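Just below is one structure, and these are the notes that go with it.
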Amino acid sequence: MTNNPMPRSCDIFCNVIDNYGDIGVSWRLARQLANEFGLDVRLFVDDLQSFAKLCLEADAALDVQNRRGVEVRLWSENFPEASPASLVIDAFGCALPESYLAAMAQQDLKPVWINLEYLSAEAWVEGCHKLPSPRPPLTRYFFFPGFTRKTGGLLLERDLLARRDAFLSDPVQQRAFWQSAGMQMPAADTLKISLFSYENDALPGLFDVWADGEQPVLCLVPEGRILPQVRQYFGDDAIYSRGNLQVRVLPFVEQERYDELLWACDINFVRGEDSCVRAQWAGKPFVWQIYPQQDKVHWEKLQAFLDVYSAKSSPEARAALQQLWQLWNGGAGQAAHAWQAFDNRCDELNLLAKVWARELSANNLALNLLDFSQEIGTMRAFKIDGQ
Ligand code: TRH
0 MTNNPMPRSC DIFCNVIDNY GDIGVSWRLA RQLANEFGLD VRLFVDDLQS
50 FAKLCLEADA ALDVQNRRGV EVRLWSENFP EASPASLVID AFGCALPESY
100 LAAMAQQDLK PVWINLEYLS AEAWVEGCHK LPSPRPPLTR YFFFPGFTRK
150 TGGLLLERDL LARRDAFLSD PVQQRAFWQS AGMQMPAADT LKISLFSYEN
200 DALPGLFDVW ADGEQPVLCL VPEGRILPQV RQYFGDDAIY SRGNLQVRVL
250 PFVEQERYDE LLWACDINFV RGEDSCVRAQ WAGKPFVWQI YPQQDKVHWE
300 KLQAFLDVYS AKSSPEARAA LQQLWQLWNG GAGQAAHAWQ AFDNRCDELN
350 LLAKVWAREL SANNLALNLL DFSQEIGTMR AFKIDGQ
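Okay, structure coming up:
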């Protein structure tokens, strides 16, 4: 037994529900804890195929593999005996294996157990962040990412903003990016848009507006759920081009490279959770398609984020964001109006995005998580929290 309250090892459990957000966040956090903070990290994931989409050298057939400083393990039904790490994270409330929970309960010094929650800008988050949930003899703590100092902040790699700025000021890196995507660097007057999206009824209307507009638009669509709609729009054409719009489909790239796509574009359409955060770090205007929930609670979540994000903008810029985001999330609106308003405010939205990224960057999730773990660890070591 050691009294050192700083966790040296961390087990992250990830149950992939659908899409790439659950594993995307878990994999990002795992890498950061291992490579920036030197923890021994194991990532238990129940769907290695999804993991392999985000990590090039991953092998979905291997039960155990070391990737980028992280031990990645298949989380199968027959969970093997494992001695628990000092910090245990269940991503998005997934249920830990019974045998692992029992092993945690048997430790003299109980591991710090965190439930890393989904991201939301809603006001109630501040009140729930760090709340304990006793599971005698263990205690599980809620840890909420968020946008204020009273939340856990956002995942941000130590060098990300410096790498972004280097990319943005270096035509050589930019050219290399476009070449790797199979293209020449677009002409300066071309509006470059990345579009990562679920199925979306607003797509044809927006494509029409871009096709009929005065400015050339290059729209880069990572392969995925929206592709059938893109194909339907262009019919059997071998080249996806209409009027002033050209669409290129990109292969899904590994997670680190996705940032480059966001940096290289002028406007980014993103979805879910993790790509939305990455678009914020890119410091460019973006349009968010929130993950739709059956009970429609996602509308409140979307509005809460819009409110905090646009709090310092002009009423016109806020209205422009509101209109286009609403349309893009299946709400009412007219593509031509919504796009025009957004386009008219692009300079201000650019500035807003830059200031937003700079201000948010002071609130780093991994650092906050480790600080909190250390706090709990200290209480444990001195038996202040009764465990
Ligand atoms: O894939 P998503 O729709 O995930 C969603 C959300 O996380 C949602 O909150 C959750 O409830 C649901 O899954 C189950 O969108 P998200 O969160 O943006 O995750 C996509 C990940 O894929 C992100 O880490 C970025 C990464 N990515 C790549 O690595 N390469 C690519 O080419 C692209 C387009 C994305």
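In terms of numbering that gives the first Met the number 0, the sequence shown opens at residue 0 and continues consecutively. C-beta atoms are modelled at their ideal positions from N, C-alpha and C, and glycine is treated no differently. Keep in mind the model is a prediction, meaning the values are calculated, not measured.
Just reading off the alpha helix (DSSP H) that residue i is part of, what are its end residues?
{"i": "Tyr19", "result": "From DSSP, Tyr19 is part of no alpha helix (DSSP H); its letter is neither H nor E."}
{"i": "Pro135", "result": "Element bounds for Pro135: n/a, residue is neither H nor E."}
{"i": "Leu305", "result": "His297 to Tyr308"}
{"i": "Arg148", "result": "Note, Arg148: premise wrong, no alpha helix (DSSP H); not H, not E."}
{"i": "Gln288", "result": "Premise fails: Gln288 lies in the beta strand (DSSP E), Phe285 to Gln288, not in any alpha helix (DSSP H)."}
{"i": "Arg230", "result": "Leu226 to Phe233"}
{"i": "Met103", "result": "Glu97 to Gln105"}
{"i": "Lys311", "result": "That residue, Lys311, is in no alpha helix (DSSP H); it is neither H nor E in DSSP."}
{"i": "Asp188", "result": "It is not in any alpha helix (DSSP H) - Asp188 carries neither H nor E in the DSSP assignment."}
{"i": "Gln333", "result": "That residue, Gln333, is in no alpha helix (DSSP H); it is neither H nor E in DSSP."}
{"i": "Leu261", "result": "Gln254 to Ala263"}
Residue i: which of the options sits nearest, CA to CA?
{"i": "Asn18", "options": "Ser196, Asp58, Leu244 and Arg344", "result": "Ser196"}
{"i": "Ala334", "options": "Phe142, Arg224, Phe206 and Arg277", "result": "Phe206"}
{"i": "Asp164", "options": "Ile375, Leu42 and Ala281", "result": "Ala281"}
{"i": "Asn14", "options": "Pro96, Ala57 and Leu86", "result": "Pro96"}
{"i": "Phe43", "options": "Gly20, Ile88 and Gln245", "result": "Ile88"}
{"i": "Leu368", "options": "Ala316, Lys149, Ala352 and Leu217", "result": "Lys149"}
{"i": "Ala29", "options": "Gln178, Gln173, Asn65 and Cys345", "result": "Asn65"}
{"i": "Leu387", "options": "Glu374, Leu366, Ala380 and Gln373", "result": "For residue 387 there is no data in the structure shown, the boundaries of the chain being 0 and 386."}
{"i": "Val246", "options": "Ile11, Gln231 and Val252", "result": "Gln231"}
{"i": "Ala337", "options": "Asn349, Gln321, Gly329 and Lys300", "result": "Gln321"}
{"i": "Gln31", "options": "Ser49, Asp45 and Gly68", "result": "Gly68"}
{"i": "Arg241", "options": "Phe251, Val252, Leu261 and Gln214", "result": "Gln214"}
{"i": "Leu55", "options": "Val252, Cys127 and Gln172", "result": "Val252"}
{"i": "Leu38", "options": "Ser132, Pro131, Ala120 and Asp10", "result": "Asp10"}
{"i": "Phe146", "options": "Gln105, Ala90, Asp306 and Met182", "result": "Asp306"}
{"i": "Asn362", "options": "Glu35, Met5 and Pro144", "result": "Pro144"}
{"i": "Ser168", "options": "Trp262, Ala51, Pro4 and Phe36", "result": "Trp262"}
{"i": "Glu315", "options": "Phe304, Glu347 and Asp294", "result": "Glu347"}
{"i": "Val269", "options": "Ala60, Phe36, Ser193 and Ala186", "result": "Ser193"}
{"i": "Phe142", "options": "Ala122, Gly329 and Ser372", "result": "Ser372"}
Run through DSSP, which three-state label would residue i get?
{"i": "Cys345", "result": "helix"}
{"i": "Arg41", "result": "strand"}
{"i": "Leu366", "result": "helix"}
{"i": "Ser372", "result": "helix"}
{"i": "Arg157", "result": "coil"}
{"i": "Phe206", "result": "helix"}
{"i": "Val63", "result": "strand"}
{"i": "Arg72", "result": "strand"}
{"i": "Val354", "result": "helix"}
{"i": "Gly78", "result": "The identity of residue 78 in the sequence shown is Phe, whereas the question assumes Gly. It is coil, neither helix nor strand."}
{"i": "Phe166", "result": "helix"}
{"i": "Pro6", "result": "coil"}
{"i": "Thr1", "result": "Here the model assigns Thr1 a pLDDT of 45, short of 50, so the residue's position is not dependable and the matter cannot be decided."}
{"i": "Asp211", "result": "helix"}
{"i": "Val24", "result": "helix"}
{"i": "Phe36", "result": "coil"}
{"i": "Lys52", "result": "helix"}
{"i": "Ser179", "result": "helix"}
{"i": "Leu130", "result": "coil"}
{"i": "Gln325", "result": "helix"}
{"i": "Gln293", "result": "coil"}
{"i": "Leu359", "result": "helix"}
Run the proximity test for residue i: is its beta-carbon closer than 6 Å to any non-hydrogen atom belonging to ligand 1?
{"i": "Leu53", "result": "yes"}
{"i": "Gly151", "result": "no"}
{"i": "Ser274", "result": "yes"}
{"i": "Pro144", "result": "no"}
{"i": "Asp89", "result": "no"}
{"i": "Gly18", "result": "The question names Gly, but residue 18 in the sequence shown is Asn. Under cutoff, so the answer is yes."}
{"i": "Val252", "result": "yes"}
{"i": "Arg162", "result": "no"}
{"i": "Arg66", "result": "no"}
{"i": "Arg270", "result": "yes"}
{"i": "Pro291", "result": "no"}
{"i": "Gly257", "result": "A small correction: the amino acid at residue 257 is Tyr; Gly does not occupy that position in the sequence shown. Indeed, a heavy atom of ligand 1 lies less than 6 Å from the Cβ."}
{"i": "Gly23", "result": "yes"}
{"i": "Pro397", "result": "The structure shown does not extend to residue 397, since the chain spans only 0 to 386, so no value can be given for it."}
Tell me the DSSP bridge mates of residue i?
{"i": "Asp89", "result": "Phe12 and Asn114"}
{"i": "Arg241", "result": "Leu244"}
{"i": "Leu219", "result": "Ser193 and Arg247"}
{"i": "Arg379", "result": "Note: Arg379 sits in no beta bridge, so no partner."}
{"i": "Arg270", "result": "Gln288"}
{"i": "Phe142", "result": "Leu115"}
Can you tell me where the beta strand (DSSP E) with residue i in it begins and where it stops?
{"i": "Trp123", "result": "First-last for Trp123: Trp123 to Cys127, but that is the alpha helix (DSSP H), not the beta strand (DSSP E)."}
{"i": "Arg277", "result": "Where Arg277 is concerned, there is no enclosing beta strand (DSSP E), although the alpha helix (DSSP H) it sits in stretches over Asp273 to Ala281."}
Compute every distance between the C-beta of residue i and the non-hydrogen atoms of ligand 3, then say whether any falls below 6 Å.
{"i": "Phe195", "result": "Annotation note on ligand 3: not contained in the displayed structure, which lists ligand 1 as its ligands."}
Measure from the C-beta of residue i to each C-beta in chain D and report whether the shortest distance is under 7 Å.
{"i": "Asp89", "result": "Considering every chain present, this structure includes no chain D. It has just one protein chain."}
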